[in-house]
Amino acid sequence: MSELKPGHLLVHYQSRMIRALGRVTAEAFDTENGEWQASVEYFPLHAPIPIEAIADSLRLIQPTSGPITVMRSVKQGYLWDFNAEGLALLRNFSREQWPQWADAPARDQTVQQRLTDVVATESPNLYEVQPLPPSSQESSTAHSSDVAIMTVIQPELFAALEALGIPDSKREKDAQGTVFFRGSLRSRLTGRDYRLVVTCVGGAGNYDASAAAYDVIAHHRPRVLILMGIAAGIQGKVRIGEVVLSERIVAYEPGAVVSSGDGDSSRLEHRPEIDRLPHSMNQDVITYRPDPSRLDAQFRGLSGAIPAAPAGKEEEFRSRVAAAITVRAATLASGEKLLRDPARLRAVRQEQHGKVEVGEMEAAGLVAACRRANIPWLVIRGISDFGDHFKDDRFHEFASRAAAVVLADFLAYGLSLPESPLSESASLKPASTPQYPDDQTRHLIGQLEGARARMKRLQASGSNTIQVDREILSLRRQLREGGQLRAGDSLGNDRYLLIEAIGRGGFGSIWKAHDQVTQANVAIKVLHTNLAGNLDRRDRFFRGARRMAELQHPAVVRVLEQHGEDGGFHYFVMEYVAGGNLQQAVLKRVITPEKIVPIILRVGEALALGHSKGLIHRDVKPANILLNEQGRPLLTDFDLVGAADTTGGTQTGLMGTLVYAAPECLERPQDADARADVYGLGMTAIFGFHGADLPFNLLMRSPESFLGQLPCPAPIKSVLRRATSLERGERYKDAGEFITELQRAQSVIEPQLRLQETRRAAPQDTSSHIHHLSNLHVGSNGEFISELQHVKSVTEPELSIQEARSEAPQNTPIRILHLSDLHVGPNDDPTSLLQPLVADLRDKNEWLGVERLDYLVISGDITNRASPEEFEKAYAFVSGLIDEFGLTAERCIIVPGNHDLDWNTPAYRYLPKREVYTGKLAPGTFVEAGPGFIVRDDAKYPERFKNFSEHFYHRLTLKPYPLDPEEQCIPSLFCDDGLLFLAMNSAWEIDEHFQERSSISEKALARGLATANRELARAQAEGRLAKDAPVLRLAVWHHPITGNEKIQADAFMGRLRQAGVRLCLHGHVHEERAEFLNYLDPQRGLHVIGGGSFGAPTHARPESVPRLYNLLELRRDLQHVQVHTRCRRKQGGAWDGWAVWPGESPQIRCTYYGVKL
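Structure below.
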């Protein structure tokens, strides 16, 4: 029996015929009742094979007695039991030799070939399902997993478990009663085993799905969440049995009740919410190549069958039912109401999103939960019906199995998850063997285990156990001599085996333990024995556990058992977090300063939730912030928690850890409120930026000088200065307000300048550049450039912007790259646009030689039709520029143009004349149309720029674009270069009825100028800008102020001149006329530089007009700028100089001109 090991092969035969193959996955053992058990992966054959053909290669396994039980669930709800006559072990072949096992002697070469064919296809299960070894079962019911899979109904759940090879024995139930299954699957892309969790919602609808998804995220902390199941499709667009992967989710039910204007009536207006697949998941989906033969083999290996057509319905089945497992991306409509009417689903497609092909009820809820938790998601749906009369009971099983097969295939061949960020810095898979402190303890534990084994045997036989009970009690007393626990002891009636002590605090010790019921590691906090007799301390200890359990938040450690007592030891059980704590990670340089803000924001969310419930932590510090395998923070140690119902536990005197405790916690802890947590979190952030233990005396003596030397930008320092004020009244009122301000500061400076040490050494790298992009028109097709700006891992400390700029030679000019009208067509791609531009800028033979840029100014017309797909491509192009030239998002100055507003937004509504009194309507807000008027909807009108904000501006700058027109003059001050940009929207009043109405909002301009003055004053007061330092003011907008398409209401130019603006940049120039590209406003003395047509299509720019862009070189004293103009005569050609500017003599034409400022 001892020879049967994991990897050995078994042959199941019955009536002398081989029916199936089996692979041992766990070592065999004899059970207490004399049976023999082994865990085996079971692969049924399509046709039986006579056993005589390979009899020489087999030997029988004879157990001690009783039946042999193969612990492997093939069909949900069934175990396969075989007697000794029906199970045989293939001789001397391990798992590594599996592909060669058919070379064993055989009498019948035909049979031998048939077995070889079976092995060649790796059996019907093509995905290498990996049973979790004991050392990898670190996760408790609240531990991390790689992929969580949610299903909604029972057939979906069973199909998923079968396809993933997860047996019934992996069934668990969490503290809330939710059943889930654990397993793992080998990725063929990464070569690693993905840890899986599968659960079933059990109720249809987005509300239930959202609640279940949030629960899964909180309990299992997945890196990816996938919803798998069946759905209805639109006939003619999909077929039954076809599997779709979500490319976007359209929540079709959101709407608003809109007044008709007369005050007497209203109507419901649909406002669908659209979520595109997260970028990282989208990349996996578009690069996933499903193999039809691989899918078919797995589908049939799971006993799947494509439904055959009943007599007389062959043609109908042929047109509506898939003949094979096929996979593609599609748009799904999701709502709370089941769309059983095909016409309703088509209406959603026609009225709300033209790409909808599938209707279902849970995806929008799942996406909402994932969006909040910032977790990638995917929805996999098998089409089971069309919502019409075409029904068949077999379709649900067909669609469920098809979706499950695609799920398993995508996990194995499509999903690429990077290794956990802490994998090299922490012991993520420690063994579950106790770390015995000495040989005596090891000996006592051995005696105790032997006594317990004897007790079980006596109990099984009905014998008296008094003697062995006394022996166990005596051994436990010896083990706990001195009132101390030791590794190898256990708590909870022997449920929790203590592995090692991993922490100690003022209230108790923390033990890593192994839960012998769930076979998972947990953390147990045990109250110090000297405090156990103090009722107040004991109550506070368990109160902390209760409060921690109440906070259902992904950034709070989960409590699995709130109250336990064993032989006088009081304890509670939590999830085990394997990545250590933030203090250790910072001191070991695992967490570096640039990673601190996201951690603080995440913990701040958990504290904000607690503050909203009246809970105060009162001991926020780095040691109480744990890090899981993915580096995500989890707040723990609620021993000092305060709440409205706290009684008797909080006394006067010192509370909290000295350097992180707010002054009131040291003086009058009973008066501490949410601002104490703000102080602790702020000090934790300071520790993270400092990278070493905080010097308490220096902090108390000179906090301002200490803050000043921190390696973080000034806006973040300002937030931390207020958060850690010694005066409680000066701090933020709670964690919610604190993280809001921190996010705002972060949005100003994120991401940090990407300068590596190699760039320090390169002289050309110290030059400063400004990159102005305008009129970017991007089509919907083409190859994406990866999100270089946001996902590039940081491996070295980066220079601050101020440090980098200070190293720039004073004679090096500031350069401005000025583009307009990009207009990429539907068959172009961002790379094709980027590469020629980069090549021209870096061409030293053309006297450019640009190696690094400082600013990216995008002044409008980024797309053709403002669709999310186009903005995604524009983002890819800009991200490529950012990476190529060392830019940062902070230095991206962006304004929209008329092509960046969504013309499909229903900004107008039709009303009959009897309902409209034009005397009350502002001019330009209505158009007469037949027997009625088309009237502007002021509530919807600003949403024309929603796509621009959500799909481009926000992603690039990490802050939303203001939809309120009065906020659309945005100042950006850069003290190091002495530049102040004003970014304005000249398309704010353009729409389908008033297409030529370009202008600058007077209210927006007034607010923008006032804000700019305040920013300058603040910078001077804080010492970031000298009071006598020169500042060059530049204004950026889209439309020109000369030519046929000029802004008619150009009086705003006078206000700009009065405000000290000296240089204006705009786009939208579609003519080859130099006077439109460089001119001095004759009345106002402003220098205006227009952007030529970088890539406008021929309908907007005659093909004879070259594509153009400008490169400006600004002297560092801000007194002179030289403008180089570049042209591209033919599509696909190289960029060259545009020699149209006067030279030293009338015969000489230059490719540049100069402007004295």
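The opening residue of the sequence shown carries number 53 in the working numbering; numbering runs sequentially from there. The beta-carbon is built from N, C-alpha and C at its ideal position, and this holds for glycine as well.
Test item: CB-CB of residue i and residue j under 8 Å
i, j, result
"L279", "V250", "no"
"A797", "V730", "no"
"A959", "D913", "no"
"V419", "A385", "no"
"L277", "I427", "yes"
"L1086", "F1033", "yes"
"L603", "V574", "no"
"R291", "R372", "yes"
"R1107", "L1209", "no"
"Y993", "I945", "no"
"T957", "E1018", "no"
"V296", "R433", "yes"
"V1121", "S1145", "yes"
"H271", "D226", "yes"
"C1021", "A1071", "no"
"L678", "G743", "no"
Collapsed DSSP secondary structure at residue i in the structure displayed
i, result
"D327", "strand"
"I738", "helix"
"D260", "helix"
"L874", "coil"
"Y784", "coil"
"L241", "coil"
"I791", "helix"
"P489", "coil"
"S192", "Annotation note: pLDDT 36 at S192 (below 50); position unreliable, no value reported."
"M413", "coil"
"K225", "strand"
"T378", "coil"
"L851", "Residue placement at L851 is flagged as unreliable, the pLDDT there being 37, under the threshold of 50; a coordinate-derived value is accordingly withheld."
"G1106", "helix"
"I301", "strand"
"A926", "helix"
"N582", "helix"
"S1145", "coil"
"G1189", "strand"
"F1004", "helix"
"P650", "helix"
"Q1100", "coil"
"D618", "strand"
"A460", "helix"
Identity of the residues DSSP links to residue i by a beta bridge
i, result
"R1201", "P1194"
"M626", "A575, V611"
"H1172", "K1208"
"N1162", "H870, T1177"
"G235", "L248"
"S386", "A303, E412"
"F1026", "L1031"
"N633", "L678"
"W429", "L277"
Expected contact under 8 Å - CB spacing of residue i and residue j to nearest Å
i, j, result
"T792", "I738", "Their Cβ separation, rounded to whole angstroms, is 19 Å, which puts T792 and I738 out of contact at 8 Å."
"I269", "P685", "Going by Cβ atoms, the distance from I269 to P685 rounds to 15 Å, so no, they are not a contact pair."
"V890", "E922", "Not quite, the Cβ-Cβ distance comes to about 21 Å (not below 8 Å), so this is no contact."
"L762", "F748", "Not a contact, Cβ separation roughly 16 Å."
"Y340", "G466", "3 Å"
"L874", "L885", "7 Å"
"Q499", "L527", "6 Å"
"L733", "V609", "L733 to V609, Cβ: 16 Å. No contact."
"L550", "L537", "6 Å"
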